[in-house]
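Please read the structure below before turning to the comments.
Protein chains: 2
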Amino acid sequence: MAYHHGNLRQALVDAAVTLARSGGPDAVVLRAATREAGVTPNAAYRHFADRDDLLGAVCQEAMEQLASRMQASLAEIDDDGSPLAAWARLRATGRAYVEFALAEPGLFRTAFTSLAEAHSGLPPGEGRIRMQPFEILAACLDGLVASGGLPPERRAMAETAAWAAVHGISELLLYGPLRQLGPEERERAIDKVLDTVAFGL
Amino acid sequence: MAYHHGNLRQALVDAAVTLARSGGPDAVVLRAATREAGVTPNAAYRHFADRDDLLGAVCQEAMEQLASRMQASLAEIDDDGSPLAAWARLRATGRAYVEFALAEPGLFRTAFTSLAEAHSGLPPGEGRIRMQPFEILAACLDGLVASGGLPPERRAMAETAAWAAVHGISELLLYGPLRQLGPEERERAIDKVLDTVAFGL
DNA sequence: AGCTGATGTAGACAGTGTCTACATGACAAC
DNA sequence: GTTGTCATGTAGACACTGTCTACATCAGCT
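Chains as they are written, first to last, in the working numbering: chain P, 52 to 252; chain H, 52 to 252.
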């Protein structure tokens, strides 16, 4: 257990996630991760093709954490099949999305850093990072239609519009002109976005 | 004119913008810019505090290009003061925003890379990059209210919701799950977002 | 007991941002 | 017109990064 780490890959991912949490994608530097794991820089190359590959693993992890938050917030709302509950569920996922972005800006940014596929050679769609948040959202919208809360003819592309709104407000609050809003204004901004989506869908 | 470049600062910004166009913020490397300008790396430090400062200039430039596209698209619609015209104007700015993002992904990403202020020491709001797109959008919404197309009580935070939507769809199309959409589906996605905003505001 | 393959190490290289010290030259003052 | 001053650019160095090639170590099968 001296020479062989035992579970280096996971240790590296953990270290890289910590780096990403407090500094975004640019902060995930390969050598720092290996240092944290108490190992030589090159050891990382036994588990990752290159730094982008490591970053991809962090990206994956970040996406999963986001999905997990969304699902947790969903679990707090009992689904009685009514349209109101369905709307509440949709709204809850949206809120959870934005709140994750605000609570973990570094991970959030890292989750959407997937430039590393243009030259991955894979058939596009395979081996790729799963967008679980997207699937959760789609399920909510399906539930909304099933509950009668949304006419089926409005279902098409609804996840696109909904996700665009929550993703956009997250980004704007983090890096855009809404950066310096106070907590209460921030809250109103989020509500306005969620209202607009609910009203506009 | 041999030793003194004459207009090095602008030359560096131009080179940096070119780098950002084809590679995003990470591609704007100080030494590459000075190489392009035919000058020593350290010469850059006579005009910029550090690399982040140079990146800030690129960011500014990108934001201005975006604003200019929005305004150009606005100029194509004659404003007769009617609600319809006002809605068309709002929609045009939104389209222009997304189209700029798709046409210039590197610059678009760079425009929203403003981490360099947490420790700038300036009074927050001063010396900062102007968010002209935000102002253009706000003006459109004011025009919408003035034309009677939007009840004044819905005006509050409207630019937040509208911008969040267009920003979000841009980002999703570039880096999110909508990355591999074909041109026609992409078009429908954009329309859906714009419809949702128009309907939801 | 020994081979083999997975895992980690050693050392090197090019490239980066940035520091300190020095060179150059445009321009104003005498 | 000489001279001094200051903005501008250069020279060289340093620490740090990602990544390459070659070598060391160990686990487990034969």
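We treat Cβ as the ideally placed atom computed from N, Cα and C, and that holds for glycine.
Check your understanding: Can you round the beta-carbon distance between Pro92 of chain H and Thr85 of chain H to whole angstroms, since I take them to be within the 8 Å contact cut?
Key -> 5 Å
Check your understanding: Looking at the C-beta of Thr144 of chain H, does it have a partner C-beta in chain P at a distance below 8 Å?
Key -> no
Review point. Quick one: which chain P residues come within Cβ less than 7 Å of Thr247 of chain H?
Key: Ala212, Val248, Gly251, Leu252
Check your understanding: Which residues mark the beginning and the end of the alpha helix (DSSP H) in which Val217 of chain H is found?
Key -> 209 to 226
Exercise for review: Kindly indicate which residue of H:Gly219, H:Ala189, H:Pro228 has the alpha-carbon position closest to the one of Glu19 of chain H.
Suggested key: A query on residue 19 of chain H cannot be resolved here, the shown segment of chain H reaching from 52 to 252 and no further.
Check your understanding: Listed in chain order, which residues of the stretch 124 to 152 of chain P have Cβ atoms closer than 7 Å to some Cβ of chain H?
Key -> none
**Study point:** Contacts around Gly225 of chain P, its chain only, beta-carbon distance under 8 Å, and the 5 residues preceding and following it disregarded
**Key:** In the sequence under discussion, the amino acid at residue 225 of chain P is Leu, which differs from the Gly named in the question. If we look at Leu225 of chain P and ignore the five residues flanking it on each side, its Cβ neighbours are Ala152, Leu153, Pro156, Phe159, Arg160.
Check your understanding: Are the C-beta atoms of Leu263 of chain H and some chain P residue less than 8 Å apart?
Key -> Limits of chain H in this structure are 52 at one end and 252 at the other, which puts residue 263 of chain H out of reach.
Check your understanding: Does the beta-carbon of Glu127 of chain P have 16 or more other beta-carbons within 10 angstroms, so that it is buried, or is it exposed?
Key -> exposed
Review point. When the distance is taken between beta carbons, is Ala216 of chain H closer than 8 Å to Val248 of chain H?
Key: yes
Exercise for review: Consider the Cβ of Ile187 of chain H: report whether some Cβ of chain P lies at a distance smaller than 8 Å.
Suggested key: no
**Study point:** Positions along the stretch 226 to 248 of chain P whose CB lies within less than 7 Å of some CB in chain H
**Key:** Tyr226, Gly227, Pro228, Leu229, Gln231, Arg239, Ala240, Lys243, Val244, Thr247, Val248
Review point. Count the other CB atoms within 10 Å of the CB of Gly219 of chain H; is the residue buried (16 or more) or exposed (fewer)?
Key: buried
Check your understanding: Distance, Cα to Cα, Val79 of chain P vs Leu70 of chain P?
Key -> 5 Å
Review point. How many whole angstroms separate the CB atoms of Leu232 of chain H and Leu192 of chain H, which I take to be in contact at a CB cut-off of 8 Å?
Key: Not really, about 29 Å apart at Cβ, beyond 8 Å.
Practice item. Can you give me the start and stop residues for the alpha helix (DSSP H) that Thr85 of chain P sits inside? Key: 81 to 87
Review point. Quick one: what does DSSP say Arg60 of chain H is sitting in, helix, strand or coil?
Key: helix
Practice item. List the residues of chain H that His55 of chain P touches, going by C-beta distances under 8 Å, in chain order. Key: Chain H residues near His55 of chain P: none, gap ~34 Å exceeds 8 Å.
Exercise for review: For Ala71 of chain P, decide whether its Cβ has a neighbour in chain H, counting only Cβ atoms nearer than 8 Å.
Suggested key: no
Check your understanding: Are Leu81 of chain H and Leu105 of chain H close, meaning C-beta to C-beta below 8 Å?
Key -> yes
Review point. Would the beta-carbon of Glu112 of chain P fall within 8 Å of that of Val149 of chain P?
Key: no
Review point. Would you say Ala83 of chain H reaches chain P, if we count a Cβ-Cβ gap shorter than 8 Å as a contact?
Key: no
Review point. Cα separation between Leu135 of chain P and Asp101 of chain H?
Key: 54 Å
Review point. Leaving out five residues before and five after Ala62 of chain H in sequence, what residues of the same chain have Cβ atoms less than 6 Å from its Cβ?
Key: Ala88
Review point. Is the CB-CB distance between Phe250 of chain P and Gly200 of chain H below 8 Å?
Key: no
Point to revise | Backbone CA spacing between Ala212 of chain H and Val244 of chain P [nearest angstrom] | key: 5 Å
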